[in-house]
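Chains as they are written, first to last, in this note's numbering: chain A, 1 to 215; chain B, 216 to 763. Here a beta-carbon is modelled for each residue, glycine too, at the ideal position from N, C-alpha and C.
Rendered as structure tokens:
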């Protein structure tokens, strides 16, 4: 291996093994994440099959503009991370930091938009539980829709928040590192995580915002 | 291979101190990233938790010696069986072989210096302890009476007690399982010594691998399921409660999607231990190595497709029931392959009956009974009669206790010299192995009959005609208790007074036995190269075969 490697931990034989192990570990972690969200997607499927019209009706109460803006934000931030991963392998410093911090900032913006949406929903009385009120025929089904909405987007938002912290952390670390190339694997893994978070949103967006809006 | 070495207690060549003497402070244990020490931390933790769960079981059996509910109020009884189930499943059985023997042995068996992520490994122990703290807190704070299955809407709406704390304990512990599983998978893929191809791996490693796959893929589903149950309970929102528009059967599907594969988490590593022991004490190569290895994979894969057999009477569709029934029968095939291959390995072997072998043979017998009675329960019509009776209790105890606990104890004895550098005393060990086997059968066999006769589970009182069998069962439990306390005593004794162990007291094959006992912190001075298949007992024993 000719590349400037990260320091090799004692349990590894060489840098290649260390990098392979870390990358493979990240993929396994993402598998567990898929299963974590998977159970919720199953729940969504079951309840939507039980109340198809109601879910269409409830989806009309989500903010499609905010959802679309957020989709764009996450896609752009994922692009930034993809470029950062590429540049990090070449040992770049400033541009990597800049791109990672931009991505983190976009993530924060996503959370801000999400928080605003939550705020509106709560004001409309659509937060499930005691305070829930919906003046329509299928109040119970609509409440179920919003239980899933808050749980699934909430869990996703938690992942975004973790991602923002991780991206910022590596942005700073690359800036301060003596040899930024040593962090290439770490940036790569943070990137994998961020793309995963992005992909989950790509599934959430149609389920909660686009459903039932077809003309 | 080297008789002089195997008779000399201490290893003169090793200049480095072994992992136990490398550092002695409490901090050096609590902050260790050494997989061997982490294995010991887990061993101490789960032993304590085992005895907590055991006390609950003892009280249950004591109550059941008489038909009237005289010792325990029904509410207390419900809390005790919940506590017994939760502690034993999540805080003993699931971590037992993987986190204790797996952590200790995995790097040693594959010729590595440690697992791939040693800090994550330590973190998993802290997460485990944090979860255990919540579970114990839930017990102290009033207990939980939902049963270990937390069925909704009872758990989410009606149950009193510290349901949230108990669920939080299980939820948190799940992440320690995931961390361990992830670590093992990466370690097995990426850290094997040169020449150690997949089909040269000891079968114990194969079972750790498949167990880890289940841990990693199933546990997140349990986490989210318990999380949703807690949401329903805290906020009163409908997810599983039909009164609020939810579907309680969905909870059962999600719960068993984890909890059935979890049964295989609780048996596969035990099968791995048994494969190691059988080969060593029959002095033979495992019969049909590849079949046994593939059987582990088959069990893990099929294990994900049979969860519905827990729900035959839940109102799920009959067609789904028929498919789940068929798939459940299929799981018996790889399990049977393993049993046949162990038996075939014994054939014409030079068998010796040391303690680990007694446990392994006990395992084969008890697991076979547990497995075959599983087929009764997998049959739709029979299951309708047997659901929620003592037949079910007996069946899964035969698999989990007769299987996994026997294997865990067998493995602990087998590798005890390696782990501690001391030999345990053989005589009391054999006594306890026999006591456990006898006590176990006396405890649980009558429960099959009780179940056939229709005695329901989860009640503190029962009809008079069941008393004889219940008294037999409780009597067996007391023998079982002696069998479990005895090893605790003599193993602790051996730490100080046991004979120093040579590197390879059983003349076993496997890389772990090429290290000193106990091994040095970094395991191998030079990473070994492997150039033969595992279990080369015949070739190893050949030179000394000058007669028998």
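Classify residue 360/B as helix, strand or coil using the three-state DSSP reduction.
If DSSP states are grouped into helix, strand and coil, residue 360/B belongs with coil.
Report the rounded CA-to-CA distance for residue 230/A versus residue 131/A, giving the unit in angstroms.
The structure shown does not extend to residue 230/A, since chain A is modelled only from 1 through 215, so no value can be given for it.
Which residues, taken in chain order from the stretch 302-335 of chain B, show a beta carbon closer than 9 Å to some beta carbon of chain A?
Cβ contacts with chain A: 322, 327, 328, 329, 330, 331, 332, 333, 335.
Going by beta carbon distance, what residues of the same chain come within less than 7 Å of residue 484/B, once the five residues before and after it are set aside?
Apart from the 5 residues on each side of it in sequence, residue 484/B sits with its Cβ closer than 7 Å to the Cβ of 312, 313, 317, 422, 423, 426 in its chain, given in chain order.
Measuring straight from C-alpha to C-alpha, what distance separates residue 247/B and residue 158/A?
If you take the alpha carbons of residue 247/B and residue 158/A, they lie about 31 Å apart.
Look at the alpha carbon of residue 384/B and the alpha carbon of residue 745/B, and state the distance between them as a whole number of angstroms.
Our two residues, residue 384/B and residue 745/B, have alpha carbons roughly 42 Å apart in a direct line.
Nearest by alpha-carbon distance to residue 328/B: which of 675/B, 408/B, 475/B, 433/B is it?
In this structure, 408/B is the residue among 675/B, 408/B, 475/B, 433/B with its C-alpha nearest to the C-alpha of residue 328/B.
What does a CB cutoff of less than 6 Å around residue 134/A pick up in its chain, not counting 5 residues either side in sequence?
If we look at residue 134/A and ignore the five residues flanking it on each side, its Cβ neighbours are 142.
I'd like to know whether the C-beta of residue 229/B is nearer than 8 Å to at least one C-beta of chain A.
Residue placement at residue 229/B is flagged as unreliable, the pLDDT there being 49, under the threshold of 50; a coordinate-derived value is accordingly withheld.
For residue 735/B, the residue or residues it bridges with in DSSP:
Residue 735/B pairs with 233/B.
Going by DSSP, what residue range makes up the alpha helix (DSSP H) through residue 591/B?
Counting along the chain, the alpha helix (DSSP H) containing residue 591/B begins and ends at 570-593.
Using a threshold of 8 Å, state whether the C-beta atoms of residue 574/B and residue 692/B are closer than that.
No.
Considering only their Cβ atoms, is the gap separating residue 167/A from residue 201/A smaller than 8 Å?
No, the Cβ-Cβ distance between residue 201/A and residue 167/A is not below 8 Å.
I'd like the list of long-range same chain contacts for residue 286/B, defined as Cβ closer than 7 Å, with 5 residues on each side in sequence excluded.
The residues are 277, 278.
Which of the three DSSP states is assigned to residue 179/A in this structure?
Three-state result, residue 179/A: coil.
C-alpha distance - residue 621/B paired with residue 639/B, whole-angstrom precision:
In a straight line, the C-alpha of residue 621/B is about 17 Å away from that of residue 639/B.
Taking only beta-carbon positions, decide if residue 564/B is within less than 8 Å of chain A.
No, residue 564/B lies away from the interface with chain A (no Cβ there is under 8 Å from its Cβ).
Interface flag, residue 512/B vs chain A, CB-CB below 8 Å:
So no, residue 512/B is outside the interface.
If you compare alpha carbons, which of 633/B, 645/B, 361/B, 754/B is closest to residue 255/B?
The shortest C-alpha separation from residue 255/B is found at 633/B.
Rounded separation between residue 120/A and residue 128/A - CA only:
In a straight line, the C-alpha of residue 120/A is about 13 Å away from that of residue 128/A.
beta-carbon residue 197/A near the ligand MG non-hydrogen atom, thresh 7 Å
The ligand MG is absent from the structure shown, which contains no ligands of any kind.
Compare the Cα-Cα distances from residue 174/A to each of 47/A, 42/A, 188/A and report the closest residue.
Nearest C-alpha to residue 174/A: 188/A.
With H, G and I counted as helix, E and B as strand and the rest as coil, what does DSSP make of residue 715/B?
Reduced to three states, the DSSP call for residue 715/B is strand.
DSSP on residue 604/B, reduced to helix/strand/coil?
In the displayed model, residue 604/B falls within a strand according to three-state DSSP.
Host alpha helix (DSSP H) of residue 298/B (start-end)
First-last of the alpha helix (DSSP H) with residue 298/B: 289-303.
Please report the distance separating the alpha-carbon of residue 601/B from that of residue 109/A.
Near 57 Å, if we compare the C-alpha coordinates of residue 109/A and residue 601/B.
Meets three-Cβ-pair contact criterion under 8 Å: the stretch 543-561 of chain B and the stretch 578-592 of chain B
Note that the stretch 543-561 of chain B touches the stretch 578-592 of chain B; at least 3 beta-carbon pairs, one per stretch, sit closer than 8 Å.
Proximal residues to residue 433/B (C-beta, below 6 Å), its chain only, five neighbours per side dropped
Only 473, 476 meet the Cβ criterion.
For my contact list, residue 84/A and residue 191/A are in at a C-beta cut-off of 8 Å; report their separation, rounded to the angstrom.
The Cβ separation is near 7 Å, so the contact holds.
Can you tell which of 497/B, 594/B, 402/B has its C-alpha closest to the C-alpha of residue 526/B?
Closest by C-alpha distance to residue 526/B, out of 497/B, 594/B, 402/B, is 594/B.
Leaving aside the five residues before and after residue 565/B along the sequence, list all residues of the same chain whose C-beta is less than 6 Å from its C-beta, in chain order.
Setting aside the 5 residues that flank it on each side, residue 565/B is surrounded in the same chain by 498, each with a C-beta closer than 6 Å to its C-beta; the list follows chain order.
Using 10 angstroms around the beta-carbon of residue 106/A, count the other beta-carbons present and answer buried if the total reaches 16, otherwise exposed.
Residue 106/A is buried by the Cβ-count criterion.
State yes or no: is the beta carbon of residue 58/A nearer than 8 Å to at least one beta carbon in chain B?
At a cut-off of 8 Å, the C-beta of residue 58/A has no neighbouring C-beta in chain B.
Taking Cβ to Cβ, would you say residue 431/B is nearer than 8 Å to residue 31/A?
The answer is yes: Cβ separation under 8 Å.
In the structure shown, what three-state DSSP assignment does residue 19/A receive?
Helix.
For a test of the three-state rule: what should DSSP assign to residue 461/B, helix, strand or coil?
Coil, per DSSP.
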